[in-house]
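Peer 1: In this note's numbering, the protein residues as written are 1 to 305. Below you'll find the structure I mean.
This is how it looks when you write it as structure tokens:
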């Protein structure tokens, strides 16, 4: 809404395979059929997903970015309100957007008068390890940042950060949230920031996350069913396939593996368009010992398939 009010344009661009919520206002930006209801979702265009593993252009960010330019040229008036994306798609299966993509996409959108929106609900708050925000790994500066989940460590809290000039558009009418600015929740958010700093949890995500990813790659060498290991820090994905060449999604096998892991004391989620990707996003206090236990359990579970 802020992007549309600020620019005076209506068209929004998001990525295929993306998830930005399924409320009526964000459902249009979400591009997975499982999360869409049959209601009007106008004014949103979905660009080709810059997926290095399954995408048509591999890791060539420049080729993917051309699709954003073509959407603007062929699908809009030449002016857009904004572009929204995650740096790493969470629900989409821990998909890291191709290198070089975001700077080029941001440039195309800004030339068309649009704002660039970073969805940091999952990647933000030190989870990627190397940086505090996911978008920082691509060297871009968004105009609007959305955040939740890690901001409150379980407390219901979310926030939108932007410039004073952009935020000013909300003063044109009365904007109100019944539970907005709850003092208990905001105090919890402040406590989270203090703990992140005091316990050096970003550094822990970087070090232990790299260790965990290396161990998962070791599993990939052992188990043919693992097609890809990807992500950074404590936002990692393991994609299961029945054929590495064809990349056939192992939909049933991942459910069996999850049950085996649960029986051994490990709960892990799955995601991706085909539901065949382990989404490994542990708490930022996760240790190397925890990582070893997790990988050992996954090893046993995959061996039982």
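Glycine is no exception: its CB is placed at the ideal position from the N, C-alpha and C atoms.
(1) I think residue 276 touches residue 254, with their Cβ atoms under 8 Å apart; what is that distance to the nearest whole Å?
(2) Confirm, please, whether the CB-CB distance from residue 123 to residue 101 is below 8 Å.
(3) May I ask you to verify whether the segment 144-152 touches the segment 218-225, counting CB pairs closer than 8 Å and requiring at least 3?
(4) Is the beta carbon of residue 140 less than 8 Å from the beta carbon of residue 161?
(5) Rounded to whole angstroms, what's the CA-CA distance from residue 90 to residue 267? Just pull it up for me.
(6) Measure the C-alpha to C-alpha separation of residue 302 and residue 274 and round it to an integer number of angstroms.
(7) Are the beta-carbon atoms of residue 279 and residue 269 separated by less than 8 Å?
(8) Could you pull the start and end residues of the beta strand (DSSP E) that residue 303 belongs to?
(9) Just the C-alpha distance for residue 295 and residue 181, rounded to the nearest angstrom, thanks.
(10) Taking C-beta to C-beta, are residue 18 and residue 29 nearer than 8 Å?
(11) Write down the C-beta distance between residue 45 and residue 87 rounded to the nearest angstrom, noting that I regard them as a contact closer than 8 Å.
(12) With C-beta atoms as the reference, is residue 48 less than 8 Å away from residue 4?
(13) Would you say the segment 240-249 touches the segment 194-207, given that touching needs at least three Cβ pairs under 8 Å?
(14) With respect to the beta strand (DSSP E) encompassing residue 242, which residues constitute its N-terminal and C-terminal limits?
(15) Of the choices 20, 104, 2, 75, whose alpha-carbon is the least far from that of residue 50?
(16) Keeping to the same chain, check which residues put their C-beta closer than 6 Å to that of residue 57; ignore five residues upstream and five downstream.
(17) Going by CA-CA distance only, name the one from 204, 237, 205 that's closest to residue 217.
(18) Mapping DSSP to helix, strand and coil, what is residue 131?
(19) With distances taken from CA atoms, which of 54, 304, 116, 92 is nearest residue 235?
(20) For residue 76, count the other beta carbons within 10 Å of its own beta carbon; 16 or more makes it buried, fewer makes it exposed. Which is it?
(21) Should residue 184 be labelled buried (16 or more other beta-carbon atoms within 10 Å of its own) or exposed?
(22) Following the continuous alpha helix (DSSP H) through residue 109, name the residue where it begins and the one where it ends.
(23) Quick check on this structure: which residue in 188, 241, 143, 171 has the alpha carbon closest to the alpha carbon of residue 158?
(24) Out of 262, 8, 263, 271, state which residue places its alpha-carbon closest to the alpha-carbon of residue 240.
(25) What does DSSP give as the partner residue(s) for residue 89 in the beta ladder?
(26) For residue 78 and residue 174, I'd like the C-alpha separation in whole angstroms.
(27) Grouping DSSP H, G and I as helix and E and B as strand, with all else coil, what is residue 219?
(28) Checking the sheet assignment: what are the DSSP bridge partners for residue 116?
(29) Would a C-beta distance cut-off of 8 Å place residue 59 and residue 99 closer than the cut-off?
(30) Mapping DSSP to helix, strand and coil, what is residue 270?
Peer 2: By the coordinates alone:
(1) 5 Å
(2) A distance of 8 Å or more separates the beta carbons of residue 101 and residue 123.
(3) Note that the segment 144-152 does not touch the segment 218-225; fewer than 3 beta-carbon pairs, one per stretch, sit closer than 8 Å.
(4) no
(5) 17 Å
(6) 19 Å
(7) yes
(8) Looking at the DSSP string, residue 303 is not in any beta strand (DSSP E); the run it does join, the alpha helix (DSSP H), is 288-303.
(9) Going from the Cα of residue 295 to the Cα of residue 181 covers about 40 Å.
(10) yes
(11) Approximately 20 Å separates the beta-carbon atoms of residue 45 and residue 87; this is outside 8 Å, ruling out the contact.
(12) no
(13) At 8 Å Cβ cutoff, the stretches do not touch.
(14) 235-243
(15) 104
(16) Only 63, 64 meet the Cβ criterion.
(17) 237
(18) coil
(19) 92
(20) buried
(21) Of the residues assessed, residue 184 falls on the exposed side of the cut-off, its CB having fewer than 16 other CB atoms within 10 angstroms.
(22) 101-111
(23) 188
(24) 271
(25) Answer is 95, bridged to residue 89.
(26) 31 Å
(27) Of the three classes helix, strand and coil, the one that applies to residue 219 here is helix, per DSSP.
(28) 83
(29) yes
(30) strand
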